[in-house]
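Colleague: Residue numbering for the sequence shown is -32 to -1, 1 to 57, as defined by mature numbering (1 follows the signal peptide of the UniProt record, and there is no 0).
Questions regarding the structure given below will be posed in turn.
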Amino acid sequence: MAFKKHLIILRCQLKIFHFFLIFLMLCDNVHSNPDAKRLYDDLLSNYNRLIRPVSNNTDTVLVKLGLRLSQLIDLLFSLHIIIKHLGIS
């Protein structure tokens, strides 16, 4: 019975996580440190979006993303704090 409760809580947290990610992707007006902006601009000044790391342009590019369990727990905890402050049940 406790396992089902934890599973339901995890599913709710994942839904909230997905909502939060979509929210972040839709936010265009983000204010950041001017030094970070300058660094970002300097790093991407010669970036060419047409260059792809494959020999044939029709090939797909495989991108792997890793996430440790501790990072996921930290993220879910942060989301829990945000939700608590926003008053969302």
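All residues carry an ideal CB built from backbone N, CA and C; glycine is no exception.
Computed from a predicted model, the values in this text were never measured in an experiment.
Please state if the CB of Leu44 and the CB of Phe(-16) are separated by a distance shorter than 8 angstroms.
Modeller: As a working mapping, residue -16 is identified with position 17 in the sequence shown. As a working mapping, residue 44 is identified with position 76 in the sequence shown. Yes.
Colleague: Pro21 by DSSP, collapsed to three states: which one?
Modeller: Taking the sequence shown and counting its residues from 1, the one referred to as residue 21 is at position 53. The answer is coil: DSSP assigns Pro21 none of H, G, I, E or B.
Colleague: Going by the CB atoms, is the gap between Arg17 and Val29 shorter than 8 angstroms?
Modeller: As a first step, residue 29 must be located in the sequence shown, where it is residue number 61. As a first step, residue 17 must be located in the sequence shown, where it is residue number 49. In this structure, Arg17 does not lie closer than 8 angstroms to Val29 by Cβ.
Colleague: Rounded to whole angstroms, how far is the Cβ of Gln(-20) from the Cβ of Leu54, which I believe are closer than 8 angstroms?
Modeller: Position 13 of the sequence shown, counted from the start, is the residue given in the question as residue -20. Position 86 of the sequence shown, counted from the start, is the residue given in the question as residue 54. At roughly 15 angstroms, the Cβ-Cβ gap does not stay under 8 angstroms, so Gln(-20) and Leu54 are not in contact.
Colleague: Can you tell me whether Asp3 is helix, strand or coil according to DSSP?
Modeller: On the sequence shown, residue 3 is found 35 positions in, with the first residue counted as 1. Residue state, collapsed to three classes: helix.
Colleague: Using DSSP with H/G/I as helix, E/B as strand and the rest coil, what is Arg(-22)?
Modeller: Here residue -22 refers to the residue found at position 11 of the sequence shown. Helix.
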